Structures are given as C-alpha cells and as structure tokens.
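Sequence lines, in order, name chains X and P. According to my numbering, the residues represented by the first sequence are 0 to 846, in order. According to my numbering, the residues represented by the second sequence are 27 to 311, in order. Note that CB positions come from ideal geometry on N, CA and C, so glycine has one too. No experiment lies behind these values; they were computed from the predicted model shown.
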Amino acid sequence: MAGLLSFSGPARAEELAKDVPPAAGPSLPVLVSLPALVTPDATAAWPEDGRLVALVSVEVADDGTVLSARPPDDLPAAFARPALDAALGARFQPALGPDGRPVDAAVQLQLVFDRDAPPPLSIQGRARASGSTVPLAALRVTATASDGTQVVATTDEDGTFAFAGLPDADWVLTARGPGLRPVETALSTRAGVVQEVDLPLVRDAGLGSADGVGAEIVVYEEDTRVEVTERPLDTELAMVLPGTNGDVVKVVQSLPGVARSPLGTGNLIIRGTAPEDSAGFLDGTPLPIVFHFGGLSTVLDGHSVAEVGYVPGNAGVRYGRFLGGLVDIRTRDSLAEHPRRSVSVDLYQAGAFIDTPLGDKQNTALTLSARRSYIDTVLQPAIDARDVPVQAPVYADVQARLLRVFDNGTRGELLLLASRDTFAYIGVEDGEEVPALDLTVSFWRLRSRILQPVGQAEHELSLAVGVDTEDFASFERDTANEQVASVSLRDEWRREGDPDQLGYRVGLDVWAGREVFVYDIESYGPFEAGATPFLAPAVYGELTARFGPLTATPGLRGDLAVYPYDAISGSLDPRLQTRWDIDETWAFIGASGTYSRLPAARQVMSSADGNPSLIAERSWQNSLGVQTRPTPSVLVELTGYANLLDRRIVGREDRFQFRTTPLFMTGPIDDGPYENDGTGTIFGGELFARVDRSRFTGWLAATVSRSRRVDRPGEAPSLFSYDQPVILTALGTTTLPRNWRLGSRLRLASGNPYTPVTQRFQDMESRVFVPVYGDVDSERLAMFFGIDLRVDKTWTFDHWRLTGSLDLQNISVRANEEVPAWNSTYTEFSPISGLPPIPVFGLKGEW
Amino acid sequence: MRHPLVGLVPLLLLLGCEEEVVASTVIEHVQIVSMVADPPEVQPQESTDITVTIADPDGLSPEVAVWVCVPIGAAGRCLESELTGEAQRVVTGVRDPITHAFTASVVPLAVDVAEVDEVIDEGGRFNGILAFALACAPGACDLFEQLEAGTVDPIDLSDPGRLLRDVPMAKGHAAWRTLTVSRESERFRHDNPVLLPQFPQPLENTAGNTEELGVVADGQFSNGLIYPLTTVGGFAVDSVATGPESPYLPWVAREQDAGKEGHVYIVVDDGLGGQAVWHGEASVR
Numbered sequence: 000m001a002g003l004l005s006f007s008g009p010a011r012a013e014e015l016a017k018d019v020p021p022a023a024g025p026s027l028p029v030l031v032s033l034p035a036l037v038t039p040d041a042t043a044a045w046p047e048d049g050r051l052v053a054l055v056s057v058e059v060a061d062d063g064t065v066l067s068a069r070p071p072d073d074l075p076a077a078f079a080r081p082a083l084d085a086a087l088g089a090r091f092q093p094a095l096g097p098d099g100r101p102v103d104a105a106v107q108l109q110l111v112f113d114r115d116a117p118p119p120l121s122i123q124g125r126a127r128a129s130g131s132t133v134p135l136a137a138l139r140v141t142a143t144a145s146d147g148t149q150v151v152a153t154t155d156e157d158g159t160f161a162f163a164g165l166p167d168a169d170w171v172l173t174a175r176g177p178g179l180r181p182v183e184t185a186l187s188t189r190a191g192v193v194q195e196v197d198l199p200l201v202r203d204a205g206l207g208s209a210d211g212v213g214a215e216i217v218v219y220e221e222d223t224r225v226e227v228t229e230r231p232l233d234t235e236l237a238m239v240l241p242g243t244n245g246d247v248v249k250v251v252q253s254l255p256g257v258a259r260s261p262l263g264t265g266n267l268i269i270r271g272t273a274p275e276d277s278a279g280f281l282d283g284t285p286l287p288i289v290f291h292f293g294g295l296s297t298v299l300d301g302h303s304v305a306e307v308g309y310v311p312g313n314a315g316v317r318y319g320r321f322l323g324g325l326v327d328i329r330t331r332d333s334l335a336e337h338p339r340r341s342v343s344v345d346l347y348q349a350g351a352f353i354d355t356p357l358g359d360k361q362n363t364a365l366t367l368s369a370r371r372s373y374i375d376t377v378l379q380p381a382i383d384a385r386d387v388p389v390q391a392p393v394y395a396d397v398q399a400r401l402l403r404v405f406d407n408g409t410r411g412e413l414l415l416l417a418s419r420d421t422f423a424y425i426g427v428e429d430g431e432e433v434p435a436l437d438l439t440v441s442f443w444r445l446r447s448r449i450l451q452p453v454g455q456a457e458h459e460l461s462l463a464v465g466v467d468t469e470d471f472a473s474f475e476r477d478t479a480n481e482q483v484a485s486v487s488l489r490d491e492w493r494r495e496g497d498p499d500q501l502g503y504r505v506g507l508d509v510w511a512g513r514e515v516f517v518y519d520i521e522s523y524g525p526f527e528a529g530a531t532p533f534l535a536p537a538v539y540g541e542l543t544a545r546f547g548p549l550t551a552t553p554g555l556r557g558d559l560a561v562y563p564y565d566a567i568s569g570s571l572d573p574r575l576q577t578r579w580d581i582d583e584t585w586a587f588i589g590a591s592g593t594y595s596r597l598p599a600a601r602q603v604m605s606s607a608d609g610n611p612s613l614i615a616e617r618s619w620q621n622s623l624g625v626q627t628r629p630t631p632s633v634l635v636e637l638t639g640y641a642n643l644l645d646r647r648i649v650g651r652e653d654r655f656q657f658r659t660t661p662l663f664m665t666g667p668i669d670d671g672p673y674e675n676d677g678t679g680t681i682f683g684g685e686l687f688a689r690v691d692r693s694r695f696t697g698w699l700a701a702t703v704s705r706s707r708r709v710d711r712p713g714e715a716p717s718l719f720s721y722d723q724p725v726i727l728t729a730l731g732t733t734t735l736p737r738n739w740r741l742g743s744r745l746r747l748a749s750g751n752p753y754t755p756v757t758q759r760f761q762d763m764e765s766r767v768f769v770p771v772y773g774d775v776d777s778e779r780l781a782m783f784f785g786i787d788l789r790v791d792k793t794w795t796f797d798h799w800r801l802t803g804s805l806d807l808q809n810i811s812v813r814a815n816e817e818v819p820a821w822n823s824t825y826t827e828f829s830p831i832s833g834l835p836p837i838p839v840f841g842l843k844g845e846w
Numbered sequence: 027m028r029h030p031l032v033g034l035v036p037l038l039l040l041l042g043c044e045e046e047v048v049a050s051t052v053i054e055h056v057q058i059v060s061m062v063a064d065p066p067e068v069q070p071q072e073s074t075d076i077t078v079t080i081a082d083p084d085g086l087s088p089e090v091a092v093w094v095c096v097p098i099g100a101a102g103r104c105l106e107s108e109l110t111g112e113a114q115r116v117v118t119g120v121r122d123p124i125t126h127a128f129t130a131s132v133v134p135l136a137v138d139v140a141e142v143d144e145v146i147d148e149g150g151r152f153n154g155i156l157a158f159a160l161a162c163a164p165g166a167c168d169l170f171e172q173l174e175a176g177t178v179d180p181i182d183l184s185d186p187g188r189l190l191r192d193v194p195m196a197k198g199h200a201a202w203r204t205l206t207v208s209r210e211s212e213r214f215r216h217d218n219p220v221l222l223p224q225f226p227q228p229l230e231n232t233a234g235n236t237e238e239l240g241v242v243a244d245g246q247f248s249n250g251l252i253y254p255l256t257t258v259g260g261f262a263v264d265s266v267a268t269g270p271e272s273p274y275l276p277w278v279a280r281e282q283d284a285g286k287e288g289h290v291y292i293v294v295d296d297g298l299g300g301q302a303v304w305h306g307e308a309s310v311r
C-alpha cells in the first residue's frame, strides 16, 4: 500500500496519532512516533523562506518498523541525512490488508524542515539547594553524551533549565556552582519523551570557586549604615560567631567601644556609659530591655532579625532619650520567598521558628517564634546538690508577625512581642522555705507599622502599645514594683540625598503612658508609692547635603517630658554628622551633637520625694575618624571620641532601684536629694580592622578610653564603675570543607575599678562588720583574659538541614576576677570569679 | 536599656567553697571582742561601766577610747558634740594585758533629751544611745593625739569610719553597741547574763581536730546568741542559740595552727541589751 503522510516537526507522537480512527479494513500505515527532526544549521543552503519540504519514500513492514527509506535525489545533502535518520527511526501502526491483517506497505513521508522551528524539549529540570526548596540560579548544567558530545544550559532565576533537540542517547548531567558540591545524574533521552530532573545540590561554604582553585568570591556586607558612626552587623554571620552562643546582639560586645560586661552578661557598656544610659530599639521602637536575665539571650529571635545596627555614639536625630549609644534591632522587611522553619535546642534554651508566605499572591508572610529557657532544669540538680538555695533563672519570649507587601511597594506589619524573665532565691524562715528574693521582669509590645514609598521618599508610621513590669519581693515582706503602660508613635518622612538634591528626615516621636511604682523595702527607707501619667513628645529633623565628596547632615531634635501634676522639662539637641569621601578607599567622618535624657517620674514627683525642678541630663558627643578599604574585603577604621556629660541627676542612692550599675555597689553612697549636679568626661579611641573573605571573617577591635564622673560640686573625680582603659578583642571564623565552621575569640580587658575596703568596724550586738572604704575606685580588678571557641557542623539532607554547634567560653580556664567581694569580716579580699568553662552544645534543624 | 539587678549573680554561689572555719570567728589582728555595759540599763544621768574586751594577737598593747553618742538629727550627729565646756566624754586608756579589757565609766544620758523623755516617761525603754569603742596600736589613730590637743572634730565621734580611714586594718578596730535608758528602778532593770564554760582550761587541741566546747548561759534571753572567737584556729559556726540545752561550740584546729598559742573568747548576747564574755588561753599541739 502506498500513501502520503505529512509530518512537520517537531510535533509529538501523541498528536500524530490522536485523530486516527481504529482501522477496520484496508488501511495505510499510521505514524506513531518520529525521532526529532534535526534541523541543519543556518549555514546550510536554506530556501529564502527558511522552509524546505522533503518527500521520503518509506517501506513499512507489517510490524510497523521501517524497512527502508529513500530521500529524494535532489534533496541537498545537509537535509538528506537528517531526513533519512528521521524516516528510519519512525514507528508506524502497520498497514492492514483487505483481510485486516498487517501487511507491508510503502508510503511517502513528507518532512518539513523549518529553520525557525524550536527543537523539541528533551530534558527539563530544576536545581535547588539541598535541604530546602530554594532555587539555584545561574548554575551551569552540562549534559555529556557517551560519545563525548556536550551541551550546556544555565539555570534561570527559578532554578529551571532545559535541553532541547537532543538525539537519543545516554547522558550524564552535571551541575556545579560556587560554594556547591557538584552533582551528577545519568539519564537517557528518547524522541518524544521529556525527561524531568530534580537536582538538589549541597551547599558547602568550604569550597571555593567552581573549579576549586584560584578566584575568590569576596562577600562583604553592603554598607547599609544610616549613621556615620554605625557598624551594622549581618545576623546570619552573627549567629555563628564565637563567644556569644549564637545571639545576634551579643556580638556587639565584640566590637570596639563596648566594655566587657561582668560575668559574661549581655549588658552593653558603650563608650564609657552605663547600660541604662544607652538605648535599645526595635526598628526605632524603644525596647525596655534587650537581653533576658543574665544576658543569655536577646529578647527577639535572631531569625527575625535582618540586621543589628550598633551606634556607639553620635546617633542621628531619629533616636533620643538616652545619653550613650544604641542598638537598633532591625527586622526583615522583605517577604519570605520560601518557607523557613527551624527548631533549636541548646544547653540554655529551646526554640521554634517559622517564616512562611501566606496565600497565593505571595505578598504576605507570617512569622512565629517561641523560646523558653530551661537552664533551671539543667542547673537545678547541680544547685540542689550543693545545697545552695537558688532557683536558676527562667525566661521565655514569643513573637508573631504579619508582613504584607502591597502592589505599590508599601509594607505593612503587625507585630506582637512578649518576654518574661523570672528568678528566685530561696531562703528559710521559721523553718519553711520562702522566696528570699523573687524577681520578675516582663514586657509585651503590639506594634503596627507601615513603610510607604512616596516618590523618592519613604513614609514610616508606627504605633506600638505595651506594658513593662518589674517585680521584686524578699521573704514575701519587702516588695517593689514598677509598671509602665505606654504608647509609642513614630511618624517619619525621609529621603536619601544624592548629588542633585537634598536628603531629609523629619518626624514625630511620641512616648506616652502611665507609670506606677511601689517600693516597700524596709532596709531602703520608708514606703514609697506613686502613679503618674506622662507625655514625652519629640520632633526632629535633619537635612543631608552633598557637596562633592563631602556629605553633611545637620539636624535638630526637641524633646519634652510632661508629668502633669509635677513637672515639665524639655531639651533641644543639635547634631551634625559629616563624611568626606576622599576617594574610593578613604573617608573621614566627624560628628558632634548633644543627647538628652529627661528626668524619670520618680525623680520629679513631689509625692515621691522627688525634685520637680530637675532638668534634662545631657551628653555632648564628638567623634572624629578615618575609614579605609584598601581592598574590597578589608575595612579599617580609626576613631577618636570625646563625650562630656553634664546635668547628671545624682542622689538618693539609698533608695531601692531596678538598676544595673554597678553590679555590686562598693564605696559610700550618695543619699542626698536628687539634683542635676553630676558631670562626666569620656575620652577614647577605637581601632576596628575587619577582613571578609569567602571562607573567613574576622576582626580586631581595640579600644582605649577613660571615663570619669564627678557627682557633686567640689568632689574629686572618680572613675566610672565600668571604666576599662584597654579592651582588645580578636575574633575570627572560618568555613571548612563539608560544612564545618570553626571560630575563636580572644579578649583582653582591663579589670573594673572598685573602691577598696581599708578598715571595718563592728556592731557588737548584731556582730555585723561595716566596711570603711578607701578612695573611691582607687583599685582595679585584675586584667581579664579569655579565649572562646565555637565549632559548627551542618549536615544537609534532601529536604532539611541539621546543624550541631559547640560553644566553649573561657577555654583558657582563667579564673578572671569579675566582682569585688570580701569575706564577712573584710579582712580578706575575695573577688568573685566567673563561671568555669561550660560547653554549650546546640542542635538546630531547618527546613 | 535597664537591666534588673541580680542576673546570674547568685549562681556564683555555685563557686563558693565550704569553709573549714567561719571567718568571723578567726581573730587575726587587734579586734574588739565585746563591749559589756554594767549595768546594761540605767536611768538618766546614771553611769555605767563599759568593759571593752580586746584581742591583741600581734601584741600591740592598744590604746583604747570609749565614748557615748546620743544621735540627733537626720545626719546622725552626736548630742555630746553640741555640749560646750565639757569634753566629749571620751575616756581613754590602755588594754589590760591580763584581763584583755579596758573599762570606762560613762553616763549614757547626761542631759535631758525630749525624744528620749517622750519614751521613758511613759514607762518605756529607750535603747538608741550608742557607745563607741576604738582600739589602736599606739600612734596608729589620730584621735588620741587630737584628744590630748583638744582638736577632735565632733563629727568624727559620730562616725567611727572616719576615725579609721587611714588606719591599717592590722593596727586598729572600732565597734559600737547600744545602751538602754529607762526610769525603771534598779530592781526591774535588765541585767547582764552569766556565762559558764563547761570545758577544761586552759584549752588544748590537736591540729586537724575539732573540740566541742560546752557552755552554759544563765539569764533572761530573747533570741540570745553565743558567739565564739579565737586567735588560734577557728570555729565551725559563727554563733549558737541559747536555750534550755547547753550548746556546744566546735573549735577547729587546722593543720596550719599546729604549735600555736592564743586565746579563745566566748561572748553571749541575750538579745535584750545584756552581754557577757569569757576568755581563756588556748593552744594547738
């Protein structure tokens, strides 16, 4: 039988046969499948229209196979071979004779060569990071046939790739990319069949470039600083640095300008100021505390944090109501493209985190986090064994965040953050166990925030409400309580400047609420109680102007504090930040400005024996520095600073306070009335040298400083309680093959000053010794020295990752003097040493 | 940022080691052991003898000064410093090497004070009058020279810390106690307790050994306590309560005390203003 079949490739076999009815009598062969028609390249002699039709004579056997094929004699050779290959590879449903039986038949197969027709798909796939669904873009995928033929494809932004027009053969697909372990998979291609491939590649930061040799991939943080003196920290890196148990904010303690906090606590002692003189923020919203008890952990889960902005001094007008430096924890304001989930446990705490897109539009993300410490269960047996009446601290925090990105780029957020810390010290009274000391600190914040692009500017509107509570009780008799219910509002407009136009930032920052306090502690004087509403509005504005290489940002901030029944006080703080970019590698920075902190309610309330005439404390901060990037991966900064404090509120140290400084009071106390009598001077210099390479990040931070105070006129200057003239930190972390990471930190710091006890006298009835102090802060604890070590290892499975970590602090096993102390008779100085090395093992699963 | 006081500090108690002896029972340098007022309760303008027992392990033969102070005002100044024409009633002398004591006769309330009269006229007892004692190696404390020269700053007498400020710890010690004033007749006034040792004397111990010293305290008590101290070795407890059963005081002779000689002092405080003291020689083989 003979007939004409027409085929114009690259059609699929299913399409060829779908309209063919089942044969009942004599019939021609039916084409079932046809190999890909290989189109000759454009250099072949194509007709003008790019189309050429070839009639190939084909003999089809009674089993549907092709016995012979013959292209037309006048078909150019470039087309004859592909036509012959296609015809010979064809499969037919055999022709049927009059009796319905398969018979041999001859047909003419019309093949159409189309120069512009796309070749048929042979292989399609997707490359992703193993242990997740994160696509790998710009990855090179190579298909190598058994005869050595190679075809290369590159993954697109979704990680997808495709190979089309491949001849039938056995292939090996190889995918490789920087920082990824190469993967190979074998498959076979057949005409009309598209092979689907999933290529999971394991990340291995220990690998260099794709060929493992030579070129470095330099990764350093994009300079996202908004303040000239700011040092932003990438949280992904911060979580693996040594000495901080993976806490993103504690890493700040390894930066210059931060004194070492006793006992490894997280208190931030910035440029010679007390922890309560500095401020913590969450995207510009004030936080009452940054760390849980003892500084073990930040109150916010690190996975939610995009960046930690550390400003040791000369912050811009956006920030106020503090005298020292600040830490601004900045949450991620971009949507999670892929769900992130993690569960972690270590010696101190367990936590769970999830960040997932919601809905089909991919414009909303939900973040949930919960953490709870169990150091009490870990340490309690050890405590009980030593018959020490302590209940170890317990802390917990939860977060929930809904983030939505609208079509116009506006980002809306609803955030809930809650934290609670408790601590108890058990005593015995009348034969029964009672809490000798019971301390609870808790707070919650509910915040809505909108970031709206308006042309070249951005509008930020945030509103936060919350309650902060501190409770103290001793033997269920003495009690103290402070509670602040507040509302924080920020309305800010800002635009970055450029050479052609001014940048600006203007805003309203309001903090208002009601504060209640009760102090009923016999040893601290008479009963105190008070309640007052307060209103603290602030307006601020700054301009950023560029004059060639010079950028100047003058600004002004005005604050007011209104206690309706007692006092009104205000402050005006001018500030100036400048930066001179000498060239691409050198820059000078300079800044000067005042920072004010208005009196607290208790200090001004007449009903609380306060002083209504108190005015704002003030700090005049000045910085001057030079910055250079000799190479893209090296940053060196040298900064000098001079801060003057005046109008410091001093007095009434005999009162109970929830405070930090100093950890233990030594020396005589100032029990005079509250007055703005105090002054202070702080001078120092900082060196910061940082290296960021593909497999190594490290820095050297050195600080020299002197911080002094004068509390009352006529008094001799005394050292700040945490004055540390020399602080040296060297830190480094390196990634090794097979996803190992090793890091170490070395610290050397001057001991804190203390007032020595030179004598003692005794109550002959209670037998208690009372110390007689020498010159205030005339002695100093021994120099601190410590080495910390951290090791991480990540195992990557197909759909999840497991990271194990070991964080060892003070492996030098040096008994550093942390807190001055004496025996009960004051005849022997017995400073309290830090905790011995405690290995903190941790496990984190992510998927 | 505010961060509450406490943190992990008490966890440091994990590092605390258990002491072999209690530090407050070990006398290393000149130290006032007791101030016994006889009688402990007087009427206005009546005198009392204050016997100051002083341990002197370094053999300094300390000078001793005793004075009373009726605190007035919020600043805690002494009424006596306001008196003119009279010495601040500081009685000085030297420690008797035999009795280890110095006795001074003082008048707790030499003049009428409204706040005191207010209490005692209603039948109460006023126990806010302070008695101070200062024991110094000769030449170590400026007070004695100032007394001779009449240049004592009255403020110093209201704050022993000021008197000790430049005195090395091994060269001087100060103490205070309260005195009680009432209008009670002698019959109804409180008296000092009596302390009776129940152990052989002189005391002997062996290095590395603990001797339990029994004592009997007789008198009126309200949460009374017995305090042991020594210049050789130490005691395993800083105090024991008085009670119907005779308490025992564990005297510990450490290895480093071998061959030493010194004294043991036992003070009983009845919790009502009355005190008694015993001292005796002690040695460790």
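With DSSP as the reference, identify every bridge partner of X:Gln398, one or two as the case may be.
Answer by DSSP bridge pairing, in chain order: X:Ser368, X:Leu416.
Can you find the residues in the same chain that come closer than 6 angstroms, C-beta to C-beta, to X:Val464, ignoring five residues on each side of it along the sequence?
Counting only Cβ-Cβ distances below 6 angstroms, and skipping sequence neighbours, we find Leu445, Val486.
Can you tell me whether DSSP reads P:Phe247 as helix, strand or coil?
Residue state, collapsed to three classes: coil.
On the three-state DSSP scale, how would you describe X:Ile328?
Correct three-state label for X:Ile328: strand.
Buried or exposed: P:His199, going by 16 or more other Cβ atoms within 10 Å of its Cβ?
Buried is the call here.
Tell me which residue opens and which closes the beta strand (DSSP E) that P:Gly119 is part of.
Looking at the DSSP string, the run of the beta strand (DSSP E) that includes P:Gly119 is 117 to 120.
Using beta carbons (cut-off 9 angstroms, strictly below), is X:Gln761 in contact with chain P?
Yes, X:Gln761 counts as interfacial toward chain P.
Helix, strand or coil: which one does DSSP assign to X:Val839?
Strand at X:Val839.
At the 9 angstroms Cβ level, is X:Gln758 part of the contact set with chain P, yes or no?
Closer than 9 angstroms: yes.
Please go through the same chain and pick out, in chain order, the residues whose beta-carbon is closer than 6 angstroms to the beta-carbon of X:Leu507, but skip the five residues on each side of it.
Counting only Cβ-Cβ distances below 6 angstroms, and skipping sequence neighbours, we find Asp490, Val538.
Please report whether the beta-carbon of P:Val32 lies at a distance below 9 angstroms from any beta-carbon of chain X.
Reliability fails at P:Val32, whose pLDDT of 38 lies under 50, so the model's placement of it is uncertain and the value that follows must be treated cautiously. Closer than 9 angstroms to some Cβ of chain X, the Cβ of P:Val32 qualifies, so yes.
Spatial neighbours of X:Pro553 within its chain, please: CB distance less than 7 angstroms, with the 5 preceding and 5 following residues excluded, ordered by chain position.
So the qualifying residues of the chain are Glu541, Leu542, Leu575.
Kindly indicate which residue of X:Tyr309, X:Ser253, X:Lys249 has the alpha-carbon position closest to the one of X:Gly294.
Comparing Cα positions, the closest option is X:Lys249.
Work out the CA separation of X:Gln482 and X:Gly512 for me, nearest whole Å.
Distance between the alpha carbons of X:Gly512 and X:Gln482 is about 10 angstroms.
Residue range of the alpha helix (DSSP H) that X:Gly308 falls in?
Run containing X:Gly308: none in the alpha helix (DSSP H); it sits in the beta strand (DSSP E), 304 to 310.
With distances taken Cα to Cα, identify the nearest neighbour of P:Leu190 among P:Thr204, P:Leu169, P:Pro180.
It is P:Leu169 whose Cα lies nearest to the Cα of P:Leu190.
Mind pulling the chain X residues with CB within less than 9 angstroms of P:Arg191?
Ordered by position in chain X, the residues that pass the 9 angstroms Cβ test against P:Arg191 are Thr757, Gln758, Val771, Tyr772, Gly773.
Just tell me which of X:Gly191, X:Trp799, X:Ala364, X:Ser441 has its CA closest to the CA of X:Leu200.
Here the closest residue by C-alpha is X:Trp799.
Determine which residues share a DSSP beta bridge with P:Cys162 and list them.
Answer by DSSP bridge pairing, in chain order: P:Glu89, P:Gly198.
Alpha carbon to alpha carbon, how far is P:Val92 from X:Leu613?
Those two C-alpha atoms are separated by around 44 angstroms.
Between X:Asp420 and X:Asp396, what straight-line distance do the alpha-carbon atoms span, to the nearest angstrom?
Rounded to the nearest angstrom, the two C-alpha atoms are 9 angstroms apart.
Could you have a look at X:Gln455 and say whether DSSP puts it in helix, strand or coil?
Residue state, collapsed to three classes: coil.
Does X:Arg766 come within less than 9 angstroms of chain P when only Cβ atoms are used?
Closer than 9 angstroms: yes.
In chain P, which residues lie with their C-beta within 9 angstroms of the C-beta of X:Ser823?
The contacting residues are Val48, Ala49, Ser50, Asp264.
Taking DSSP as the reference, what is the three-state secondary structure of X:Gln361?
The answer is coil: DSSP assigns X:Gln361 none of H, G, I, E or B.
Chain P partners of X:Thr297, CB-CB under 7 angstroms?
Neighbours of X:Thr297 on chain P: none; closest Cβ ~11 angstroms, over 7 angstroms.
Provide the residue span of the beta strand (DSSP E) that contains X:Thr593, from first to last.
585 to 596 is the span of the beta strand (DSSP E), which, as asked, contains X:Thr593.
In this structure, what does DSSP give as the bridge partners for P:His305?
P:Tyr291.
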